[in-house]
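Chemist:
Rendered as structure tokens:
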């Protein structure tokens with residue numbers, strides 16, 4: 001077994017690998033950039049080596065620096081995590097030359113599966129279902145049109161070396177192919193250095209289902225069931241679960257055996273994932289097709305660990321050390337249901353714009369997952385597990401992926417796991433930047449999600465006008481009104497105890513008008529009860545002024561509410577929605593109708609930066625005339641470029657920023673006359 005492993009990665013996956021290595025008695029080495037100098041994974045490792053500046057291209061993507069760190073610390077193996085160098089054959093080859101073990105698959109398997117065209121040819125040869133399409137070289141646009149016509153529309157054009165949603169175009173007719181083929185080639189060349197394109201049939205009602213593979217160096221290859229990853233945004237996964245609500249035992253066996261055959265064809269070992277596109281329109285479950293193979297650990301691996309009890313990181317390490325798998329296919333079972341939500345630094349209320357900055361408050365519902373080695377331990381605390389790599393007061397940088405944490409829940413049933421997600425998300429305190437906690441909570445409660453009728457178009461179809469918060473039922477609204485009235489009385493009770501006030505001490509107000517969503521409710525606090533609009537609410541809670549999380553028991557069930565004081569009440573967040581709540585004493589409330597409404601200022605003449613980022617291009621200057629919709633500036637955040645356009649026709653009056661500037665959210669870039 002290895003004595004020391006270097007983790008060539010950062011964030012939550014670095015923490016994840018370190019925990020398992022520590023349990024196995026293996027020393028660990030972290031490598032870090034300038035931006036990660038104070039990150040938890042750096043402090044967690046036994047040793048840490050600085051490898052460069054904050055941009056990944058100057059640190060985590062430089063293989064020579066990783067190898068130098070191995071030599072400096074005496075690490076005899078490298079775990080690459082996911083992303084960065086995890087699927088780069090040149091890195092695995094360089095490690096082999098230095099006699100350093102790579103905790104991953106053999107180089108030939110990485111190379112074979114890394115090329116989308118070659119991998120499809122291999123899949124065909126191995127007897128794996130492949131989406132109808134053309135997997136050879138495409139000469140030009142006319143050739144692409146002929147191929148598309150033969151396959152039948154709609155078709156998907158994909159860059160051969162693409163990934164992460166880049167280099168993809170959907171064509172519904174010949175016109176779309178003519179317009180998109182060359183653009184797809186350019187995206188492939190610019191992003192991946194490869195302009196080859198392949199064309200395949202676009203599957204109707206597509207579901208994204210993947211099979212977890214695990215093999216050793218002695219020819220043993222197993223499939224560890226499937227994961228459903230259909231809920232995606234811009235081809236990026238948001239929710240993952242295991243098993244899939246669509247897959248039958250017969251389908252699982254057919255999928256698994258085909259994926260094992262593909263893995264065997266390339267001599268695969270270690271953990272890997274075969275991604276499949278499945279037609280939800282085919283109730284037989286026979287319409288599943290090979291998409292690609294990820295020759296590494298997946299972000300969503302914890303849901304597989306939760307239902308199988310198998311530690312995938314431990315198995316990767318043991319396989320890399322030459323050990324034989326200690327289990328057979330008959331040992332692989334499905335115990336319960338697991339769901340993972342990715343908590344991202346992006347604001348769903350502002351069109352999912354990236355959000356960076358300092359975490360002024362970070363309190364997950366349970367402490368970060370600790371690897372105790374127990375089979376049930378991989379399910380966290382009472383079925384709730386958090387895999388993270390951030391800390392209270394830490395910073396989410398513009399340089400890396402916007403994922404803050406992964407929330408995994410396990411239950412005996414799918415509904416139980418989803419209910420646990422909602423409850424845990426309500427307790428997840430995260431302040432200082434925009435995040436998607438409300439959005440994923442809304443998905444967990446959505447009737448279509450609960451029905452299991454999922455496709456990769458779920459988010460686009462269910463939130464076509466963007467996200468504005470989950471619907472709130474009357475019971476939750478009444479509970480919020482009761483909680484707000486209780487908190488108002490507690491605040492008033494503290495205020496009346498302040499020394500030096502005129503007159504005798506009076507009892508705190510017990511009658512309040514609580515306004516939520518434009519509707520007002522009368523709340524009255526009695527000695528042992530609370531009434532909302534004249535009806536008793538069976539509620540028990542505690543609140544001390546200053547608390548940010550209130551947990552109430554209502555009719556025997558728990559409701560966790562995050563609260564933040566505002567000028568006239570509270571901002572209350574629960575069940576996937578934010579509520580601006582105004583609370584006034586009964587005798588004051590009628591006077592509120594006489595208050596002059598404050599009209600917000602007109603900001604349409606300003607170009608305001610919607611998120612923190614780097615101004616990579618300024619397309620206009622002072623005195624330039626612009627038309628509505630014209631690009632004015634390009635801001636880069638979280639590795640993505642965002643074009644900011646003019647809201648109306650006008651002339652640029654002043655420019656307040658220059659190309660290369662780092663901009664804060666709401667910074668004014670320019671002003672129109």
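Residue numbers (UniProt numbering): 1 to 673. For each residue, glycine too, the CB sits at the ideal point set by N, CA and C. In this text the structure is predicted, and so the values were computed from the model without any measurement.
Using the three-state DSSP reduction, which class does residue 550 fall into: helix, strand or coil?
Modeler: Strand.
Chemist: Classify residue 311: buried if its beta carbon has 16 or more other beta carbons within 10 angstroms, exposed otherwise.
Modeler: Residue 311 comes out buried.
Chemist: Check residue 59 in the structure and name its three-state DSSP category.
Modeler: Coil, per DSSP.
Chemist: Suppose contacts are defined by Cβ-Cβ distances below 7 Å. Is residue 338 in contact with residue 242 by that definition?
Modeler: It is a contact, given that the beta carbons lie within the stated cut-off.
Chemist: Who are the Cβ neighbours of residue 42 in its own chain at under 7 Å, not counting the five residues just before and after it?
Modeler: Correct list, in chain order: 30, 32, 36 and 48.
Chemist: Please give the ranges of any alpha helix (DSSP H) in the stretch 370–431, keeping only runs that are unbroken, at least 4 residues long and fully inside the region.
Modeler: DSSP runs (the alpha helix (DSSP H)) wholly in the stretch 370–431: 414–427.
Chemist: Leaving aside the five residues before and after residue 364 along the sequence, list all residues of the same chain whose C-beta is less than 7 Å from its C-beta, in chain order.
Modeler: Excluding residues within five positions, the ones whose Cβ falls inside 7 Å are 386, 388, 405 and 428.
Chemist: Per DSSP, what kind of secondary structure is residue 453 in: helix, strand or coil?
Modeler: Residue 453: coil per DSSP, three-state reduction.
Chemist: Within 8 Å, do at least three Cβ pairs link the stretch 291–308 to the stretch 68–86?
Modeler: With the cut-off at 8 Å, the stretch 68–86 and the stretch 291–308 touch.
Chemist: Output the boundary residues of the alpha helix (DSSP H) element that contains residue 484.
Modeler: Looking at the DSSP string, the run of the alpha helix (DSSP H) that includes residue 484 is 474–496.
Chemist: Does the beta-carbon of residue 481 have 16 or more other beta-carbons within 10 angstroms, so that it is buried, or is it exposed?
Modeler: Buried: at least 16 other Cβ atoms inside 10 Å.
Chemist: Flag this pair as touching only if the stretch 286–296 and the stretch 115–125 have three or more C-beta atom pairs under 8 Å; answer yes or no.
Modeler: Yes: the two stretches touch, three or more of their Cβ pairs being nearer than 8 Å.
Chemist: Decide if residue 212 is buried, meaning its Cβ has at least 16 other Cβ atoms within 10 Å, or exposed.
Modeler: The residue in question, residue 212, is buried, as its Cβ has 16 or more Cβ neighbours within 10 Å.
Chemist: CA-CA distance, residue 623 and residue 368?
Modeler: Whole-angstrom Cα-Cα distance: 54 Å.
Chemist: For the putative contact between residue 268 and residue 322, defined by C-beta atoms under 8 Å, what is the C-beta separation to the nearest angstrom?
Modeler: Actually they are not in contact, since the Cβ atoms of residue 268 and residue 322 sit about 16 Å apart, beyond 8 Å.
Chemist: Assuming residue 564 and residue 433 are in contact, meaning their beta carbons sit under 8 Å apart, how far apart are those beta carbons, in whole angstroms?
Modeler: About 15 Å; that fails the 8 Å criterion.
Chemist: Please classify residue 172 as buried or exposed, where buried requires at least 16 neighbouring CB atoms within 10 angstroms.
Modeler: Answer is exposed; the Cβ neighbour count stays below 16.
Chemist: Which value, in whole angstroms, describes the spacing of the CA atoms of residue 6 and residue 71?
Modeler: Distance between the alpha carbons of residue 6 and residue 71: 10 Å.
Chemist: Please report the distance separating the alpha-carbon of residue 288 from that of residue 531.
Modeler: About 56 Å.
Chemist: Which residues in the same chain as residue 589 place their Cβ atom closer than 6 Å to its Cβ, once the five residues preceding and following it in sequence are excluded?
Modeler: Only 513 meet the Cβ criterion.
Chemist: Report the option in 489, 409 and 521 whose CA atom is closest to the CA atom of residue 508.
Modeler: Comparing Cα-Cα distances from residue 508 to each of 489, 409 and 521, the minimum goes to 489.
Chemist: Any idea if residue 18 is buried or exposed, counting beta-carbon neighbours within 10 angstroms, 16 or more meaning buried?
Modeler: Buried, because 16 or more other Cβ atoms sit within 10 Å of the Cβ of residue 18.
Chemist: Could you tell me the boundaries of the alpha helix (DSSP H) in which residue 271 lies?
Modeler: Element bounds for residue 271: not the alpha helix (DSSP H) but the beta strand (DSSP E), 270–279.
Chemist: If you reduce the DSSP assignment to three classes, tell me which class residue 631 lands in.
Modeler: Here residue 631 sits in strand by DSSP.
Chemist: Nearest to residue 109 by alpha carbon, out of 273, 240 and 641?
Modeler: Considering only alpha carbons, the answer is 273.
Chemist: Identify which residue in 625, 649, 613 and 619 has its Cα closest to the Cα of residue 677.
Modeler: Any property of residue 677 remains undetermined from this structure, which presents the chain solely from 1 to 673.
Chemist: Mind checking whether residue 479 and residue 559 have CB atoms under 7 Å apart?
Modeler: Against a cut-off of 7 Å, the Cβ pair of residue 559 and residue 479 comes out as a contact.
Chemist: Nearest to residue 331 by alpha carbon, out of 453, 350 and 308?
Modeler: When each option's Cα is compared against that of residue 331, the closest is 308.
Chemist: Using C-beta distances below 6 Å, list every residue in its chain close to residue 247, excluding the 5 sequence neighbours before and after it, in chain order.
Modeler: Counting only Cβ-Cβ distances below 6 Å, and skipping sequence neighbours, we find 226.
Chemist: What's the call for residue 233, buried or exposed, on a 16-neighbour Cβ count within 10 Å?
Modeler: Buried, since its Cβ has 16 or more Cβ neighbours within 10 Å.
Chemist: Let me make sure I understand the geometry here. Which of 575, 539, 392 and 20 has the alpha-carbon closest to that of residue 418?
Modeler: The residue with the shortest Cα to Cα distance from residue 418 is 575.
Chemist: Would you call the stretch 571–586 and the stretch 638–647 touching, i.e. three or more CB-CB distances under 8 Å?
Modeler: No, because fewer than three Cβ pairs between the stretch 571–586 and the stretch 638–647 fall closer than 8 Å, the two stretches do not touch.
Chemist: Just the Cα atoms here: how many angstroms apart are residue 193 and residue 607?
Modeler: Straight-line Cα distance between these residues: approximately 34 Å.
Chemist: May I ask you to report which of helix, strand or coil DSSP gives residue 642?
Modeler: Of the three classes helix, strand and coil, the one that applies to residue 642 here is strand, per DSSP.
Chemist: Return the chain-ordered list of same chain residues with a C-beta closer than 6 Å to the C-beta of residue 23, the five sequence neighbours on each side being excluded.
Modeler: Excluding positions up to five away in sequence, the list reads 371 and 373.
Chemist: So residue 113 is in the alpha helix (DSSP H); what residue range does that whole segment cover?
Modeler: 107–114 is the span of the alpha helix (DSSP H), which, as asked, contains residue 113.
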